[in-house]
Structure formats: C-alpha cells, structure tokens
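Below you'll find the structure, written out as structure tokens, and then a few comments.
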Amino acid sequence: SSSMEPTLLGDVSPNHRRELCPFKDYHVPLNSDNASGDRIMVTKYYYAFSPVERFDVIVFKFPLNQAKNFIKRVVGLPEEELRIYHGNLYVRKPGEQKFRIARRTLRTQDSIWIDPAKETNGYLGKFEDFRRAWDTGPVPGATRHAEAVVSEGELSTQEKDGERSVQFSYRPKSIDDAAGRDVDDVRIAFDLEVTGPKGQVFAEVVNAYGRFQIRLDTEGESQLRFHKPGSEDGQPTETHPLKDVQLSMDRRLKVELSIFDGVAYARVNDGERARVTFIETREDVLENKSPDRRIAFGAKGLTFKVRNLVLGRDLYYKGRENDRNHALHEDEVTKIPAHSYLMMGDNVANSHDSRAWVRHTFKLKNGKEVVCEEQQVIRSYSSDFLKNLQEKFGLDRTPDIGIDGDEHGNEVALFQSDIESESTAPERFVDEKFIVGKALWIWWPQGRWFHLIR
4 SSSMEPTLLG DVSPNHRREL CPFKDYHVPL NSDNASGDRI MVTKYYYAFS
54 PVERFDVIVF KFPLNQAKNF IKRVVGLPEE ELRIYHGNLY VRKPGEQKFR
104 IARRTLRTQD SIWIDPAKET NGYLGKFEDF RRAWDTGPVP GATRHAEAVV
154 SEGELSTQEK DGERSVQFSY RPKSIDDAAG RDVDDVRIAF DLEVTGPKGQ
204 VFAEVVNAYG RFQIRLDTEG ESQLRFHKPG SEDGQPTETH PLKDVQLSMD
254 RRLKVELSIF DGVAYARVND GERARVTFIE TREDVLENKS PDRRIAFGAK
304 GLTFKVRNLV LGRDLYYKGR ENDRNHALHE DEVTKIPAHS YLMMGDNVAN
354 SHDSRAWVRH TFKLKNGKEV VCEEQQVIRS YSSDFLKNLQ EKFGLDRTPD
404 IGIDGDEHGN EVALFQSDIE SESTAPERFV DEKFIVGKAL WIWWPQGRWF
454 HLIR
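In the working numbering, each residue's number is its place in the sequence shown (first place is 1) plus 3.
Structure follows, in structure tokens:
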C-alpha cells in the first residue's frame, strides 16, 4: 500500500538497506499490472493472545469495501478520545482530564525515521556531497574554524591557524514533511573518533520546543542539555549526565540525538544514556512560534573524525484541513467507539485513511440500500467504467451512477430514477471484527533474490 510509504515500502535501491524498517525494500509501482510475487506475511493469530497496541502495523478488511485488505498503522484505541496537533497524537482515556501525548518506543521509532538523504549518495561520499547539505563555520563566539576534509565516507577535521573548533550546520536548517511543513521531531546520528587532544564534541537541534544538545567532554561531565523556548541562547533549563560515557582519544563512539513524541533521547553506542521530557499533555505544550531552527554538530578544542552521518525526520501527523467536510481536522477531538480503532498511513500527506473515509449511502425506492466509500462513486457519462457496467449487466442504456465496489466488494449500476435519497457521513473507525492480523515480514520469491526481513 502506497499509503505506508516511505516507512513500510521505503527506499528500494540497494545502497539504502541499512535502515531498521522491517518492510523497507518492498515496492510495487503505482498503477502497475505486473505482479512482483512479493508477499506481506501476516499473523492472523497474534491478536488472539495479545491486544492491539498503538502504532502496530495491521492488515484489515476495509469496512466500506470488505473485499479489499488495507494495511495501516493503529493510532487510536477503543473508548479514547484523540486529537492531532503539530505532528503529534494526543489521547484522553475515560476518566482523564487532559490529552496526553502518545509515545512510541525507541524500537518502534527506529523503524520509522525517514532519511532526507536516502535518494542521494549520503553526506560523506565526497566533499561536494557534504558541502551541498552542510555549512562549515566557527562555533559561537569564535571567528575562525578548523579545516574539514571529506573523502570516501569520512569527515575529518584538522587544525588550521591554531584553531581546532568547528561547527557544521545543516543548510536547510530544518527537515520538512515533503509538503513544506517543518518537522520538529528529528534525529542526528554519527560514528565518532576523537583524534586530539582535549575538548568537546556536540550535536544539537533547535526547534519549536527549544534547544537540545548532546555534549561529550574529554575532561568534564558529558551531558544532555535542554533549553526551553525563549532561552535557547541562555543557560540550559535542564542538564542530565550521560551515564557511563567518557570521550577519549582513539575511542570510537556511535552518537545519536533524537527528539520525538515530546522526549529528547541521548544514545551512545545504541544505549540510552539520558532523556528529557518536554511535553506531557496537549494543554501544556510550550512552543516558540518562530524558532531559529538548526541541526548542527561539531567540536570545541579538538579534532575528530565522523562516519555514517545520518539525519531523520519523524512522521508528521496532521488533519485534513483542505479536504472534504467530513475530514478529521487539526486539533479536532474525535471519540473512538468500543471495539474500534483509528487508522492512519505513514505517507501522511497522501494516505486515504481514517481522517478522510466517507460512507456514501444510496436509499433506493425499492427499500434497499447501497453503501460504499465516496471515492468509489462514479458519475461521469463519458466514463469507460459506466459503459463497462452497461455491457456487464446487459443494460439498455448507460447507468447514471457506477459504484466501483460497494461494502461487499460488488460493482453496482444505478439509475437516478431508482434513487430515493443519498447521504454521506464520516467513516472514521475500523471495528475489531475487520482485523485480519499483524504485519510481520516481506517475502521475495527466489527469482528476485530470496530474502526475509524481520
């Protein structure tokens, strides 16, 4: 399903198979009639023993066309209220007063990060690649900076005119959601080796929620630092020591700063060393409406080498502001019924999901009803589909309305004279009876280089 790109389908080129996404290499071109032989492996019995959890990727029968299987991510659970705000989900369970931010685990998030450089050679293939995306300059308070050399997948800094400090800033300043909206939930990660002699290495992100910085020190305490909105250039609001982290010469470290779902995480060698929680509820969100966004890394007082430099952005959940009247809008509260779920695709801007499903009901003069999804209603007299329906059903004239799959998956031809009334209503939820199972693997037949990805 293209609605789950780019996390489910991901980048299909062989150069970008390092990501942790379990479905990253699966891709079928839209409108392609060529069956690839690829299969999504689904366990139908998983939910007989475990409950459906938020952010599970599941396969289900589409309620408005049960002949079709959809694959989406669960974002809303039974009997809770949900709202979408600035890329995040907020939920209020029965009996609670406030809407709490919905959080993913680190493991789930690792499969979701979307790399803005995935369609390129990355940042460190050669100096031109690096210069295209990153600016080199002095650290704050300095006028000069060390020299940077990029070659064969490695960035190294060298002392220049007595200066070892340097800052590398991501040239676009922020990562957008492919629709022009800045995404505040991002990550920066790289492999690090200090080449001398003493000082600090840092990575930082400035977004609408403040300034977040990992600071690794050869002599003092290594820290995760947070500056709340309005104090980005002042003293940190919070500092947290990085547990069991020591920066030293010739020691290699994998460093990651990631901000998502209201928490900033500092990870070193894949282990979480510290975290800062800056959002708990929708009602208490503190934002800078016009932040000086920045993604940067660098060093003070020492030279170093960097490999495997990657950025990532989170999914940016949003309402359908310019959609139909029945769409779920930004910051609108929706109540999920018992035994039902709210579903969204990871390709948020283009996914046809719970935010936009519309039930279209035709009441006929003979007392029957025809129910379908609104997008399946075809009214154009020049439509080949309507002419095909005329031929298929042996009609003496072209029908006024064709339905390309009702709730049972049947094609339907209708004449306006047979219709008593029409109505539309939002169809937000998927009843548990329609769930087929949990998506686990993608399988390639041997003709396409047999492979399994967990």
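Where is the CB? At the ideal position from N, CA and C, for every residue including glycine.
- Message: In the DSSP output, what is Leu-417 paired with across the bridge?
- Response: If you number the sequence shown from 1, residue 417 lands on position 414. BP columns for Leu-417 point to Ile-404.
- Query: Which one of Arg-167, Gly-128 and His-363 has the shortest CA to CA distance from Thr-146?
  - Reply: By one-based count along the sequence shown, residue 146 stands at place 143. Answer by Cα proximity: Arg-167.
- Message: Going by beta-carbon coordinates alone, are Val-60 and Asn-72 separated by less than 8 Å?
- Response: Locating residue 60 in the sequence shown gives position 57, where the first residue counts as 1. Locating residue 72 in the sequence shown gives position 69, where the first residue counts as 1. Contact: no.
- Task: Just the C-alpha distance for Tyr-268 and Thr-240, rounded to the nearest angstrom, thanks.
- Result: Walking along the sequence shown from the start, residue 268 turns up at place 265. Walking along the sequence shown from the start, residue 240 turns up at place 237. Taking the straight line joining both Cα atoms gives about 16 Å.
- What did DSSP end up calling Leu-245 once you bin it into helix, strand or coil? By 1-based counting over the sequence shown, the position of residue 245 is 242. The three-state secondary structure of Leu-245, taken from DSSP, is coil.
- To the nearest angstrom, how far is it from the Cα of Glu-461 to the Cα of Leu-318? Because the chain in this structure spans residues 4 to 457, residue 461 falls outside the shown range and cannot be described.
- Message: Quick check: does the Cβ of Arg-190 come within less than 7 Å of any heavy atom belonging to the ligand HEM?
- Response: Looking at this structure, you won't find the ligand HEM or any other ligand, since it has none at all.
- Item | Glu-224 vs Ser-343 beta-carbon contact at 8 Å | For the purposes of this step, residue 224 is identified with residue 221 of the sequence shown, where counting begins at 1. For the purposes of this step, residue 343 is identified with residue 340 of the sequence shown, where counting begins at 1. Their beta carbons are not under 8 Å apart, which means Glu-224 does not touch Ser-343 by this criterion.
- Item | Segment contact, 8 Å Cβ cut-off, at least three pairs: the region 383–392 with the region 197–217 | Too few Cβ pairs lie closer than 8 Å, so no.
- Task: Pick out the complete beta strand (DSSP E) segments inside the region 194–263, 3 residues or longer, and give them in chain order.
- Result: Qualifying beta strand (DSSP E) stretches, in chain order: 213–220, 226–230, 241–244 and 255–263.
- Query: Is DSSP giving Leu-392 helix, strand or coil here?
  - Reply: Residue 392 sits at position 389 when you count from the first residue of the sequence shown. For Leu-392, the secondary structure class from DSSP, reduced to helix, strand or coil, is helix.
- From Asp-164, His-148 and Ala-181, pick the residue whose C-alpha is nearest to that of Phe-171; which is it? Residue numbering aside, residue 171 sits at position 168 when the sequence shown is read from its first letter. Measuring from the Cα of Phe-171, the nearest candidate turns out to be His-148.
- Query: For Pro-294, does the count of other Cβ atoms within 10 angstroms reach 16, so buried, or fall short, so exposed?
  - Reply: Here residue 294 corresponds to residue number 291 of the sequence shown, with the count starting at 1. By the 16-neighbour rule on beta-carbons within 10 angstroms, Pro-294 is buried.
- Item | Spatial distance of Arg-310 from Glu-324 (CA atoms) | Numbered from 1 along the sequence shown, position 307 holds the residue referred to as residue 310. Numbered from 1 along the sequence shown, position 321 holds the residue referred to as residue 324. Cα to Cα, the separation comes out at about 41 Å.
- Message: Am I right that Gly-202 and Gly-140 are in contact with their C-beta atoms under 8 Å? What's the rounded C-beta distance?
- Response: Translated into positions along the sequence shown, residue 202 becomes position 199. Translated into positions along the sequence shown, residue 140 becomes position 137. Not quite, the Cβ-Cβ distance comes to about 17 Å (not below 8 Å), so this is no contact.
- Item | Rounded Cβ spacing between Asp-403 and Gln-419 (contact assumed at less than 8 Å) | Counted from its first residue, the sequence shown places residue 403 at position 400. Counted from its first residue, the sequence shown places residue 419 at position 416. Sure, about 4 Å apart at Cβ, within 8 Å.
- With DSSP as the reference, label Glu-275 as helix, strand or coil. The residue labelled residue 275 in the question sits at position 272 within the sequence shown. Three-state DSSP puts Glu-275 in a strand.
- Message: Runs of 4 residues minimum, wholly inside the region 110–182: which ones carry the alpha helix (DSSP H) assignment?
- Response: If we require 4 residues or more, the alpha helix (DSSP H) runs fully inside the region 110–182 come out as 130–136.
- Inspect the beta-carbon positions of Asn-68 and Gly-412 and report whether they are closer than 8 Å. If you number the sequence shown from 1, residue 68 lands on position 65. If you number the sequence shown from 1, residue 412 lands on position 409. In this structure, Gly-412 lies closer than 8 Å to Asn-68 by Cβ.
- Item | For Asn-52, the three-state DSSP class (helix, strand or coil) | For this step, residue 52 is matched to residue 49 along the sequence shown. Looking at the sequence itself, residue 52 is Phe, so the reference to Asn does not match. Helix.
- Message: In this structure, how does DSSP classify Gln-69 when only helix, strand and coil are distinguished?
- Response: Indexing the sequence shown from 1 puts residue 69 at position 66. Residue state, collapsed to three classes: strand.
- Message: Please state the DSSP three-state secondary structure of Phe-501.
- Response: Residue 501 lies beyond the range of the chain shown here (4 to 457); nothing can be said about it.
- Query: Using the C-alpha atoms, what's the distance from Ile-117 back to Phe-26?
  - Reply: By 1-based counting over the sequence shown, the position of residue 26 is 23. By 1-based counting over the sequence shown, the position of residue 117 is 114. Only weak support is given to the placement of Phe-26: the predicted model assigns it a pLDDT of 38, under 50, and the value that follows is read from those uncertain coordinates. Roughly 13 Å between the two C-alpha positions.
- Message: The beta strand (DSSP E) that contains Asn-91, what's its start and end?
- Response: Indexing the sequence shown from 1 puts residue 91 at position 88. Residue range 91–95 is occupied by the beta strand (DSSP E) that includes Asn-91.
- Query: Within the 8 Å Cβ cut-off, does Leu-85 reach chain B?
  - Reply: As a matter of chain content, chain B is missing from the structure shown, which is built from one protein chain.
- Give the single residue among Arg-76, Leu-289 and Lys-64 whose Cα lies nearest to the Cα of Tyr-320. Along the sequence shown, read from residue 1 onward, the residue named residue 320 stands at position 317. Comparing alpha carbon positions, the residue from Arg-76, Leu-289 and Lys-64 closest to Tyr-320 is Arg-76.
- Message: Closest to Ala-416 by C-alpha separation, out of Gly-440, Ser-426, Pro-175 and Asn-391, would be which residue?
- Response: The count along the sequence shown starts at 1 and reaches residue 416 at position 413. The candidate whose alpha carbon is nearest that of Ala-416 is Asn-391.
- In the structure shown, what three-state DSSP assignment does Lys-436 receive? Sequence index remark: in the sequence shown, residue 436 carries index 433 (1-based). In the structure shown, Lys-436 adopts helical secondary structure according to DSSP, grouped into three states.
- Message: Three Cβ pairs or more, each shorter than 8 Å: is that satisfied between the region 272–282 and the region 149–159?
- Response: No: fewer than three Cβ pairs fall under 8 Å.
- Task: Assign Lys-441 to one of two classes, buried (16 or more other C-beta atoms within 10 Å of its C-beta) or exposed (fewer than that).
- Result: Looking up residue 441 in the sequence shown gives position 438. Counting the other CB atoms within 10 Å of its CB gives Lys-441 a total of 16 or more, which places it among the buried residues.
- Are there 16 or more other CB atoms within 10 angstroms of the CB of Asn-91, so buried, or fewer, so exposed? Numbered from its first residue, the sequence shown carries residue 91 at position 88. Answer is buried; the Cβ neighbour count reaches 16.
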